[in-house]
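In what follows, a single structure is set out as structure tokens and then discussed.
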């Protein structure tokens, strides 16, 4: 199975524009990584936003890669269309 980053590379090589990987809205603060430190709500919200953005990015890459693969399959076997 191909990773999403590998699919992205295949799409880029094929000349298909791919949305950029989403960056985290706030930089991760190392002080919040310490065991006793409380993570502010804003940090937790930024994490949730990034998880949602990454999921949407993965879905977009999957859809683009599936369309590319389907197009290649159809061009390789035009009689089955």
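Numbering (our numbering), first residue to last: 21 to 101.
Ideal placement from N, C-alpha and C gives every residue a C-beta, glycine not left out.
Legend entry - CB-CB length for residue 74 against residue 28, believed under 8 Å: Contact flag wrong, Cβ pair sits at about 12 Å.
Legend entry - Separation of residue 24 from residue 64, as counted between CA atoms: Taking the straight line from one Cα to the other gives about 25 Å.
Legend entry - Cut-off 7 Å between Cβ atoms - residues of its own chain near residue 84, not counting five sequence neighbours on either side: Cβ within range, chain order: 31, 36 and 38.
Legend entry - Member of 57, 72 and 22 whose CA lies at the smallest distance from the CA of residue 42: Closest option to residue 42, judged by alpha-carbon separation, among 57, 72 and 22: 72.
Inset, instruction - List the whole-angstrom C-beta distance separating residue 9 from residue 44, where the pair is believed to meet the contact cut-off of C-beta under 8 Å. - result: Past the edges of the chain, shown from 21 to 101, lies residue 9, and the structure says nothing about it.
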